Amino acid sequence: MAEKPKHNYDESKVKTLSSLEHIRLRTGMYVGRLGDGSHYDDGCYILLKEVIDNAIDEYIMGYGKEVQVGIDGTTVSVRDFGPKINTGAKYNDDVFQFSVGLNGVGTKAVNALSKEFLVRSHRSGDYVEAWFKQGKLKNEKKGKAANESDGTFIRFEPDADIFKEVEFRPEFVERRLRHYSYLNTGLKLIYNGKTFQSRNGLLDLVMEDLESDHSEPIYPPLHYASKTLEFCFTHTNSRYGETFFSFVNGQYTSDGGTHLSAFREGLLKAVNEHSKAGYEGDDVRECMVGAVSLRLKDPVFESQTKNKLGNTEIRSELVNRVREELLHFFHRNKEIAEKIIAKVEDTKQLRKELQEVKKLARERARAITIRIPQLKDCKIHFDKAKGKGKGSMVFITEGQSAAGSIVSCRDVNTQAIFVLKGKPLNVWDLKRDIVYKNDEMYNLMRGLDIEDNIEGLRYEKVILATDADVDGLHIRNLMITYFFRFFEQLVHDGHLFVLETPLFRVRNKEKTIYCYSEAERDGAANQLGKSCEITRFKGLGEISPGEFKQFIGPDMRLSQVEYAPKPDSQQILGFYMGKNTPERKDYIMANLVVPVEE
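Mapping to the working numbering: the sequence shown position 79 is 74, numbers consecutive.
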């Protein structure tokens, strides 16, 4: 028997990367997701953020009151008016103790990930300039610029070799700049000629969020600001759940963290202590809109892109600080304190009523059947805690016709089916009790086992399998609204998907091609010749079980429903699913594009 070759692992087998190589090879470690610019946290915006962060650090130190941002296509320029540039190195703590940019990827990474990167420093009428390509220095020069104010100019373009096709969306850039303005009162940010400036900090943020869907505050927002802590909140009667923005050292922490949970606990303690009651946290925060910002000397984030704060050692001190400040406010403003407690008491009563509705729904369900009538279950179920059942899925589909195609060809071990009886309710403006009053909504919740939380979720993937026509797309949107409204965590944890099924079948006697777009259809038609047959699938029921099997097999095409934090999702779903039909009609008429038939 031949001897197996020996693998000799020594220093020669270890590949050592320079910092530049490492950043380019392991880009995700530095900017999170790459993306194409269609998502707020895509890599191109992280690059922009890091450069602006340096300019903000200059403002925090007291240098300059203006930052200029320009974006032309994929080329970005940022001009500040401070004396230094921070590339990710450590400076004196007394100067940079609450800086924004020191804990992230830094301009060093922006340089490494840029096709071209230009940095120019202006001091006392002189300038020094360095030009890089893909992080490598190509040219340096000095000169006179007598008319230029002191400060730093940076221009960069994300490298297409890494980011592929990227588009900077003005709405995402503007939102980021608005956040900077709220967190740095008095700073003027100018983006392509548009100015962003806040005089009232987080109060402006809360009021703007309320205005986005015409929500009226029950009482004037309570606003507290000090050197290291700022928070602002109010209640409204026109929202469901809570909406909170949280920040650390100017960084928007979309996943919250210690500062947000500590604020919630301090708020609850203050309300209970002032009212001498024992309210639950959900009762206090229901319908609340607010923001909290913390400036911290040594923040620890749970990822390089700084979406969640992890400093547990600050929790108890922060809880007490919030509690004390709120108690002082309640004593000084008894009328507002009474309105807060009245709102909390009202929410508590509604919760009790909901418990009664839950009880009746369960009794009704038991009286009808032990099984869930619309669910055709599978044998293997997902168990997150035990790490079992990965690959199990449930298809949510409309009507028996569509379900029939899936039933005939599914894998009964891992693929379940929940059949909708028709168009589900639009639940966007409804309260949670509708889940218990509507049989279909209730049965779906029971089938997934997500009533109280998603720890018991029975399927790893919840897949929306609707027809490819207008009605099918409408049902898909209604179901996405249902999950975002009442079971947001399911979307957050990446369990919600959309099944992509072919729109066309193009075939001749020798070959069949399934196409998912009109472009693919045209390409297939050219490939198979003029005599080919083209079929447009309008509904899942039109696809035979024999054909459908391949669309839910190993090569199944799924699109994950992307999670958006509540402030973002509320704005989008509120517009498209809310009670603002005239506004939507005007939007459609202004943006409708009708293709001209040639």
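C-beta: ideal position from N, C-alpha, C; glycine also.
Since the model is a prediction, treat every value here as computed from it, not as a measurement.
Extent of the continuous alpha helix (DSSP H) run through residue i
{"i": "residue 175", "result": "165 to 178"}
{"i": "residue 50", "result": "38 to 55"}
{"i": "residue 264", "result": "253 to 270"}
{"i": "residue 157", "result": "155 to 158"}
{"i": "residue 564", "result": "561 to 572"}
{"i": "residue 429", "result": "429 to 432"}
{"i": "residue 540", "result": "540 to 543"}
{"i": "residue 514", "result": "513 to 523"}
{"i": "residue 102", "result": "101 to 107"}
{"i": "residue 487", "result": "483 to 487"}
{"i": "residue 203", "result": "197 to 207"}
Expected contact under 8 Å - CB spacing of residue i and residue j to nearest Å
{"i": "residue 516", "j": "residue 492", "result": "In fact, because the Cβ distance is near 24 Å, the residues do not count as touching under 8 Å."}
{"i": "residue 457", "j": "residue 391", "result": "7 Å"}
{"i": "residue 59", "j": "residue 188", "result": "About 19 Å separates the two Cβ atoms, so there is no contact after all."}
{"i": "residue 398", "j": "residue 412", "result": "5 Å"}
{"i": "residue 546", "j": "residue 455", "result": "About 19 Å separates the two Cβ atoms, so there is no contact after all."}
{"i": "residue 231", "j": "residue 211", "result": "6 Å"}
{"i": "residue 243", "j": "residue 304", "result": "5 Å"}
{"i": "residue 219", "j": "residue 143", "result": "Wrong, their Cβ atoms sit about 40 Å apart, outside the cutoff."}
{"i": "residue 343", "j": "residue 278", "result": "5 Å"}
{"i": "residue 51", "j": "residue 251", "result": "Not confirmed; about 21 Å, so no contact."}
{"i": "residue 239", "j": "residue 35", "result": "Residue 239 to residue 35, Cβ: 16 Å. No contact."}
Contact under 8 Å by Cβ, residue i with residue j
{"i": "residue 310", "j": "residue 224", "result": "no"}
{"i": "residue 123", "j": "residue 137", "result": "yes"}
{"i": "residue 241", "j": "residue 255", "result": "yes"}
{"i": "residue 270", "j": "residue 336", "result": "yes"}
{"i": "residue 352", "j": "residue 432", "result": "yes"}
{"i": "residue 422", "j": "residue 476", "result": "yes"}
{"i": "residue 553", "j": "residue 460", "result": "no"}
{"i": "residue 489", "j": "residue 410", "result": "no"}
{"i": "residue 511", "j": "residue 495", "result": "yes"}
{"i": "residue 478", "j": "residue 430", "result": "no"}
{"i": "residue 447", "j": "residue 349", "result": "no"}
{"i": "residue 201", "j": "residue 149", "result": "no"}
{"i": "residue 26", "j": "residue 46", "result": "no"}
{"i": "residue 470", "j": "residue 393", "result": "yes"}
{"i": "residue 267", "j": "residue 291", "result": "no"}
{"i": "residue 64", "j": "residue 186", "result": "yes"}
{"i": "residue 261", "j": "residue 313", "result": "yes"}
{"i": "residue 403", "j": "residue 540", "result": "yes"}
Boundaries of the beta strand (DSSP E) in which residue i is found, first to last residue
{"i": "residue 134", "result": "131 to 139"}
{"i": "residue 220", "result": "217 to 220"}
{"i": "residue 189", "result": "189 to 191"}
{"i": "residue 553", "result": "552 to 555"}
{"i": "residue 404", "result": "Unbroken run through residue 404 is the alpha helix (DSSP H), 394 to 404; no beta strand (DSSP E)."}
{"i": "residue 286", "result": "283 to 289"}
{"i": "residue 243", "result": "238 to 243"}
{"i": "residue 494", "result": "491 to 495"}
{"i": "residue 451", "result": "From DSSP, residue 451 is part of no beta strand (DSSP E); its letter is neither H nor E."}
Test: residue i CB closer than 8 Å to a CB of chain B
{"i": "residue 281", "result": "Reference to chain B is not applicable here, since this structure consists of a single protein chain."}
Residue i - partner residues in DSSP beta bridges
{"i": "residue 123", "result": "116, 137"}
{"i": "residue 502", "result": "507, 528"}
{"i": "residue 389", "result": "411, 457"}
{"i": "residue 212", "result": "231"}
{"i": "residue 66", "result": "71"}
{"i": "residue 183", "result": "61"}
{"i": "residue 307", "result": "Answer by DSSP bridge pairing: none, since residue 307 is not bridged."}
{"i": "residue 587", "result": "Answer by DSSP bridge pairing: none, since residue 587 is not bridged."}
{"i": "residue 147", "result": "116"}
{"i": "residue 152", "result": "111"}
{"i": "residue 225", "result": "220, 288"}
Option nearest residue i by Cα separation, candidates the options
{"i": "residue 40", "options": "162, 328, 17", "result": "162"}
{"i": "residue 502", "options": "486, 512, 231, 520", "result": "520"}
{"i": "residue 287", "options": "125, 249, 265", "result": "249"}
{"i": "residue 370", "options": "198, 63, 407", "result": "407"}
{"i": "residue 102", "options": "167, 565, 567, 152", "result": "152"}
{"i": "residue 19", "options": "128, 348, 61", "result": "128"}
{"i": "residue 32", "options": "116, 356, 62, 160", "result": "160"}
{"i": "residue 452", "options": "424, 385, 550", "result": "385"}
{"i": "residue 462", "options": "400, 105, 215", "result": "400"}
{"i": "residue 281", "options": "443, 436, 341", "result": "341"}
{"i": "residue 598", "options": "234, 354, 217", "result": "The chain is shown from -4 up to 593; residue 598 falls before or after that span and cannot be answered."}
{"i": "residue 155", "options": "110, 135, 169", "result": "110"}
{"i": "residue 130", "options": "105, 67, 237, 139", "result": "105"}
{"i": "residue 17", "options": "55, 69, 108, 539", "result": "108"}
{"i": "residue 522", "options": "583, 505, 533", "result": "505"}
Any non-hydrogen atom of the ligand GDP within 7 Å of residue i CB
{"i": "residue 261", "result": "Judged by which ligands are present, the structure shown has none, so any question about the ligand GDP falls away."}
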